[in-house]
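Peer 1: Starting off with a structure, shown below.
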Ligand SMILES: *Cc1c(COP(=O)(O)O)cnc(C)c1O
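In our numbering, the protein residues as written are 47 to 268.
Put into structure tokens, the structure is as follows:
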């Protein structure tokens, strides 16, 4: 068995079957992705539109592609025909474009709302009031081809375990609040995408349903 396949097996051995593993293959070659695929793994994540489109076209169509990076509105059209889940949706404007392109492709696209939970400054991610205003808006409610299935966040890059725990716990409480307020009757709203190579064990302790792992599977990126 290849090292990549072994790494995937080892991670899957540490998580329960209800937690989804997204193998983050950004910067990695088609051959490396094929090695992972040969171990039976089907879910891969990319954070650049062009790279994702190139890989989608070349690699087997059974792959379930997730877009995990910041998505620019003008690039939605390139991935709308095939993307399985968009992890980092953080504006009404982006939702509107996803809905439009999904409609053109005759699809409904599943998305996660990205929240800003880390201490680090970042332009990306909702704060709870903006997320609630968006979900409550008439415009959002008119979108027929986008489905919000949960939340996503990234913890601060730090060795301070209490800090990471606090941030993941905050994301879980945002999830719970949105569930109560907007998705109480919607069983599909169930995903909390949190946890990367360095912090996925903590993320799982704090209720993650989806972990996004790159370097622990494919090795360090150059
Ligand atoms: C790169 C990336 C990951 C994976 O990071 P690793 O530390 O290599 O596991 C997870 N999530 C997002 C959003 C990323 O960009």
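Backbone N, C-alpha and C fix where the C-beta goes; we use that ideal spot for every residue, glycine too.
Kindly give me the distance between the Cβ atoms of residue 110 and residue 101, rounded to whole angstroms, as I take these residues to be in contact under 8 angstroms.
Peer 2: Between residue 101 and residue 110 the Cβ distance is about 13 angstroms, and since that is not below 8 angstroms, they are no contact.
Peer 1: Output the distance between the C-alpha atoms of residue 263 and residue 184, rounded to the nearest integer angstrom.
Peer 2: Residue 263 and residue 184: Cα-Cα distance of roughly 42 angstroms.
Peer 1: State the Cα-Cα distance for the pair residue 24 and residue 189, rounded to the nearest angstrom.
Peer 2: The structure shown does not extend to residue 24, since the chain is modelled only from 47 through 268, so no value can be given for it.
Peer 1: Please list, in chain order, all residues of the same chain as residue 131 whose beta carbon is under 6 angstroms from its beta carbon, the five residues on each side excluded.
Peer 2: Only 112 and 156 meet the Cβ criterion.
Peer 1: Of all the options 220, 195 and 244, which has the alpha carbon lying nearest to the alpha carbon of residue 210?
Peer 2: Cα-wise, what sits closest to residue 210 is 244.
Peer 1: Which runs of the alpha helix (DSSP H), 4 residues or longer, sit entirely within the stretch 86–138?
Peer 2: Taking only runs of at least 4 residues, the alpha helix (DSSP H) segments lying wholly in the stretch 86–138 are 95–104 and 122–125.
Peer 1: Would you call the CB atoms of residue 217 and residue 240 closer than 7 angstroms?
Peer 2: For residue 217 and residue 240, yes; Cβs fall inside 7 angstroms.
Peer 1: Pick out whichever of 122, 82, 127 and 116 has its Cα sitting closest to the Cα of residue 103.
Peer 2: If we check each option's Cα against that of residue 103, 127 comes out closest.
Peer 1: Please say whether residue 140 and residue 119 have beta carbons closer to each other than 7 angstroms?
Peer 2: The answer is yes: Cβ separation under 7 angstroms.
Peer 1: Let me confirm a value: residue 107 is counted as buried when at least 16 other C-beta atoms fall within 10 Å, else exposed. Which label applies?
Peer 2: So residue 107 ends up on the exposed side.
Peer 1: Alpha carbon to alpha carbon, how far is residue 125 from residue 97? Give it in angstroms, no decimals.
Peer 2: C-alpha separation (whole angstroms): 11 angstroms.
Peer 1: Sorted by chain position, which residues of the same chain lie with C-beta nearer than 6 angstroms to residue 269's C-beta, five sequence neighbours on each side aside?
Peer 2: Residue 269 falls outside the range modelled here, since the chain spans only 47 to 268, and no answer is possible.
Peer 1: Taking 6 angstroms as the limit between beta carbons, can you name the residues of its chain near residue 138, skipping five residues before and five after?
Peer 2: Correct list, in chain order: 180.
Peer 1: Measuring only the C-alpha atoms, how far is residue 48 from residue 75?
Peer 2: If you take the alpha carbons of residue 48 and residue 75, they lie about 15 angstroms apart.
Peer 1: Using only the alpha-carbon positions, how far apart do residue 254 and residue 67 sit?
Peer 2: Taking the straight line from one Cα to the other gives about 11 angstroms.
Peer 1: By DSSP's criteria, residue 160 is part of a beta bridge. Which residues make up the other side?
Peer 2: Paired residue(s): 198.
Peer 1: My output table needs one value for residue 187: the three-state DSSP class, helix, strand or coil.
Peer 2: The answer is helix: DSSP assigns residue 187 an H, G or I state.
Peer 1: What is the rounded straight-line gap between the Cα of residue 165 and the Cα of residue 204?
Peer 2: Cα to Cα, residue 165 sits roughly 10 angstroms from residue 204.
Peer 1: For residue 221, which residues from the same chain have a beta carbon less than 6 angstroms from its beta carbon, with the 5 sequence-adjacent residues on both sides left out?
Peer 2: Excluding residues within five positions, the ones whose Cβ falls inside 6 angstroms are 197 and 238.
Peer 1: What residue range does the alpha helix (DSSP H) around residue 56 cover?
Peer 2: Counting along the chain, the alpha helix (DSSP H) containing residue 56 begins and ends at 49–60.
Peer 1: Report all residues from its chain with a CB closer than 7 angstroms to the CB of residue 123; omit the five preceding and five following residues, and keep chain order.
Peer 2: 147.
Peer 1: In the DSSP assignment, find the alpha helix (DSSP H) that holds residue 65 and state where it starts and stops.
Peer 2: It is not in any alpha helix (DSSP H) - residue 65 carries neither H nor E in the DSSP assignment.
Peer 1: Can you name, in chain order, every residue of its own chain whose Cβ lies under 6 angstroms from the Cβ of residue 267, other than the five neighbours on each side?
Peer 2: If we look at residue 267 and ignore the five residues flanking it on each side, its Cβ neighbours are 73.
Peer 1: Using a Cβ-Cβ cut-off of 8 angstroms (strictly less than) and excluding sequence neighbours within five positions of residue 64, which residues of its own chain qualify?
Peer 2: Answer for residue 64: 255, listed in chain order.
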